[in-house]
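First comes the structure, then the notes that go with it.
There are 2 protein chains.
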Amino acid sequence: MKQSKSSHYGRPAFLFDLDGTLIDSVYEHTLAWREALEKMGIALPTASIHRRIGMSGGLLVHAFEREAGVKFSSAQVERMHGLHSAAYKKRSQQVRPLPGARDLLLELSHLHVPWAIATSGKLKDAKPSLAMLKLSAKVPIITRDDVEHAKPEPDLFLAAAAKLGVEMPHCVVVGDSVWDLLAAQRAHALGVGLLSGGFGENELERAGAYRVYRDPADLLAHLDEVGVRGE
Amino acid sequence: MKQSKSSHYGRPAFLFDLDGTLIDSVYEHTLAWREALEKMGIALPTASIHRRIGMSGGLLVHAFEREAGVKFSSAQVERMHGLHSAAYKKRSQQVRPLPGARDLLLELSHLHVPWAIATSGKLKDAKPSLAMLKLSAKVPIITRDDVEHAKPEPDLFLAAAAKLGVEMPHCVVVGDSVWDLLAAQRAHALGVGLLSGGFGENELERAGAYRVYRDPADLLAHLDEVGVRGE
Numbered sequence: 001m002k003q004s005k006s007s008h009y010g011r012p013a014f015l016f017d018l019d020g021t022l023i024d025s026v027y028e029h030t031l032a033w034r035e036a037l038e039k040m041g042i043a044l045p046t047a048s049i050h051r052r053i054g055m056s057g058g059l060l061v062h063a064f065e066r067e068a069g070v071k072f073s074s075a076q077v078e079r080m081h082g083l084h085s086a087a088y089k090k091r092s093q094q095v096r097p098l099p100g101a102r103d104l105l106l107e108l109s110h111l112h113v114p115w116a117i118a119t120s121g122k123l124k125d126a127k128p129s130l131a132m133l134k135l136s137a138k139v140p141i142i143t144r145d146d147v148e149h150a151k152p153e154p155d156l157f158l159a160a161a162a163k164l165g166v167e168m169p170h171c172v173v174v175g176d177s178v179w180d181l182l183a184a185q186r187a188h189a190l191g192v193g194l195l196s197g198g199f200g201e202n203e204l205e206r207a208g209a210y211r212v213y214r215d216p217a218d219l220l221a222h223l224d225e226v227g228v229r230g231e
Numbered sequence: 232m233k234q235s236k237s238s239h240y241g242r243p244a245f246l247f248d249l250d251g252t253l254i255d256s257v258y259e260h261t262l263a264w265r266e267a268l269e270k271m272g273i274a275l276p277t278a279s280i281h282r283r284i285g286m287s288g289g290l291l292v293h294a295f296e297r298e299a300g301v302k303f304s305s306a307q308v309e310r311m312h313g314l315h316s317a318a319y320k321k322r323s324q325q326v327r328p329l330p331g332a333r334d335l336l337l338e339l340s341h342l343h344v345p346w347a348i349a350t351s352g353k354l355k356d357a358k359p360s361l362a363m364l365k366l367s368a369k370v371p372i373i374t375r376d377d378v379e380h381a382k383p384e385p386d387l388f389l390a391a392a393a394k395l396g397v398e399m400p401h402c403v404v405v406g407d408s409v410w411d412l413l414a415a416q417r418a419h420a421l422g423v424g425l426l427s428g429g430f431g432e433n434e435l436e437r438a439g440a441y442r443v444y445r446d447p448a449d450l451l452a453h454l455d456e457v458g459v460r461g462e
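First to last, the sequence lines map onto chains F and V.
Residue numbers for the first sequence follow this note's numbering, so the first one is 1 and each next one is one higher.
Residue numbers for the second sequence follow this note's numbering, so the first one is 232 and each next one is one higher.
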């Protein structure tokens, strides 16, 4: 058994969040939720909506209910999700991949480092973002449709690791929100934070990030810090 | 002389930033700058644009130049400011006062606590936001037009305090960005941070905030913590 797992530790697998981590879409999602909430008669500060992006849609709506002191019926919740989807779609023309996102993924593939994408969104909503990254059809993608609970529950990352056939302690979760990092801790994976979703460095560290980078390009430039050796 | 200044310490004067502090406009300014930059051929992550909002327009453009590794001519800088103004105006219909903003200002007036507004923006750009707060024409407003340097230089807050006739050590600067709090330190005023601009609590504390609240409503609910006693 001695050292038999050393290659795993030398080249961990990477599990990526999508919105805010590979795609610069957090601000659009924030304003789309604000628009949906306003249409439901709820006024919340934009910054507090921002801090909920990345968590499961169900928990997000519960958080808004608590904050606004209201209780929605299931029909109202459904309507709100529809309003958000429409408001996001309206803004999606302005959404771009983050600097270095595609280069980072290509470099990992080039180095034979396994990686997957795990997003709290539904596949239909994630499709345009995935298309922007021009990924091979073989890339393992786990969405809200594949698991019972989204982030900060660990299910998405557990399913992504299972699809790669890698054990959790060999996985590095990369995300921009505290919800990714809390889910990483619950999944017993290491967490790496990116500032590209607009959370502060300290917020990500307090949620468990053992390293924080500016965006995918900055992570790519420092891969050797998180266990990926070049050729 | 004994205790002659005690009333000053009991009831400090308040100097308020505008965008992100009284008005929920930081996300609109962020996306307006991103649109202006993109039209100039510059792609920067939205989150890094966000973190510059609130600083002087000149410094902000310098920061973008550094980050993108470019150098603009003065004609290009002027064009970029024009593009930002137009892009912001397009979004300004969605801008709202922050929760509690007007109530907070009314309560201070009611308690005879002097207060003023000091914004890095120009008066013409700030006017719609000021109108939203339905302020009396007597409220002292200091804008970019009144001083040589905007935040994080202390000039705006120094001018606001002078207009109120209050010495800086008796002033509390209230702002949502690190630029407000750095300017407060340089002006030798106390700084109070609000999370309503989307900066993290730790970012504001590290920049000098001695107390941080969620938004104007939360500050109003805790005025006794920052030296304002009720009747």
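Glycine residues also receive a C-beta, built at the ideal position from the N, C-alpha and C atoms.
Every value quoted in this text rests on a predicted model; they were computed, and no experiment measured them.
Min CB distance residue i to chain V below 7 angstroms
i               : result
S6 of chain F   : Confidence in S6 of chain F is poor, its pLDDT being 45 and thus under 50, which makes the residue's placement too unreliable to answer from.
A209 of chain F : no
M1 of chain F   : Low per-residue confidence applies at M1 of chain F: pLDDT is 40, beneath 50, and the placement is therefore not dependable enough to give any value.
S196 of chain F : yes
T21 of chain F  : no
Y88 of chain F  : no
H50 of chain F  : yes
L37 of chain F  : no
E203 of chain F : yes
T119 of chain F : no
D24 of chain F  : yes
D103 of chain F : no
L232 of chain F : There is simply no residue 232 of chain F to check, as chain F begins at 1 and stops at 231 in what is shown.
D215 of chain F : yes
Where residue i falls, given that 16 or more other Cβ within 10 Å makes a residue buried
i               : result
R297 of chain V : exposed
V301 of chain V : exposed
A43 of chain F  : exposed
A263 of chain V : buried
H50 of chain F  : buried
D145 of chain F : exposed
A187 of chain F : buried
L18 of chain F  : buried
K321 of chain V : exposed
L106 of chain F : exposed
D125 of chain F : buried
G165 of chain F : exposed
L151 of chain F : Correcting the residue identity first, residue 151 of chain F is Lys in this sequence and not Leu. Looking at its Cβ environment, which holds 16 or more other Cβ atoms inside 10 Å, K151 of chain F is buried.
L111 of chain F : exposed
Contact set for residue i: own chain, Cβ-Cβ below 6 angstroms, skip 5 residues either direction
i               : result
A118 of chain F : L15, I142, L156, F157, A160
G428 of chain V : G251, V257, D407, S408
R327 of chain V : D255
K5 of chain F   : Note on K5 of chain F: pLDDT 45, under 50, position unreliable in the model; the coordinate value appears next. None.
L354 of chain V : T374, D376
H62 of chain F  : none
Chain-order list of residues whose beta-carbon lies under 7 angstroms from that of residue i (same chain, five-residue window excluded)
i               : result
G208 of chain F : L181, L182, A184, Q185, G191
V378 of chain V : D386, L387, A390
H222 of chain F : Y213
Coarse secondary structure for residue i, derived from DSSP in three states
i               : result
S428 of chain V : Residue identity check: residue 428 of chain V is Gly in the sequence provided, not Ser. DSSP places G428 of chain V in helix when its eight states are reduced to three.
I280 of chain V : helix
A75 of chain F  : helix
V113 of chain F : coil
R186 of chain F : helix
V459 of chain V : coil
G69 of chain F  : coil
M292 of chain V : Checking the displayed sequence, the identity of residue 292 of chain V turns out to be Val instead of Met. Of the three classes helix, strand and coil, the one that applies to V292 of chain V here is helix, per DSSP.
M232 of chain V : At M232 of chain V, the pLDDT of 40 sits below 50, so the modelled position is not reliable; the number obtained from the coordinates is stated separately. It is coil, neither helix nor strand.
R211 of chain F : strand
A137 of chain F : coil
P234 of chain F : Here chain F covers residues 1 to 231 and nothing more, so residue 234 of chain F does not appear.
D248 of chain V : coil
V404 of chain V : strand
G41 of chain F  : coil
A381 of chain V : coil
V192 of chain F : strand
Residues near residue i in its chain [Cβ-Cβ closer than 8 angstroms; skip 5 each side]
i               : result
M40 of chain F  : F72, Q76, R79, M80, L83
F430 of chain V : R282, D407, S408, V409, G424
T277 of chain V : T261, L262, R265
E464 of chain V : Not covered by the structure: residue 464 of chain V. The range shown for chain V is 232 to 462.
R333 of chain V : L364, K365
L220 of chain F : G100, D103, L104, E107
Min CB distance residue i to chain F below 7 angstroms
i               : result
G422 of chain V : no
A278 of chain V : yes
Contact list for residue i against chain C, beta-carbon separation under 8 angstroms
i               : result
F199 of chain F : Although the question refers to chain C, the structure presented lacks it and instead comprises the protein chains F and V.
Q. Are at least three pairs of beta-carbons, each pair with one atom in the segment 207-227 of chain F and one in the segment 310-321 of chain V, less than 8 angstroms apart?
A. no
(Q) Closer than 8 angstroms is the cut-off here; do at least three beta carbon pairs connect the segment 18-26 of chain F with the segment 128-142 of chain F? (A) yes
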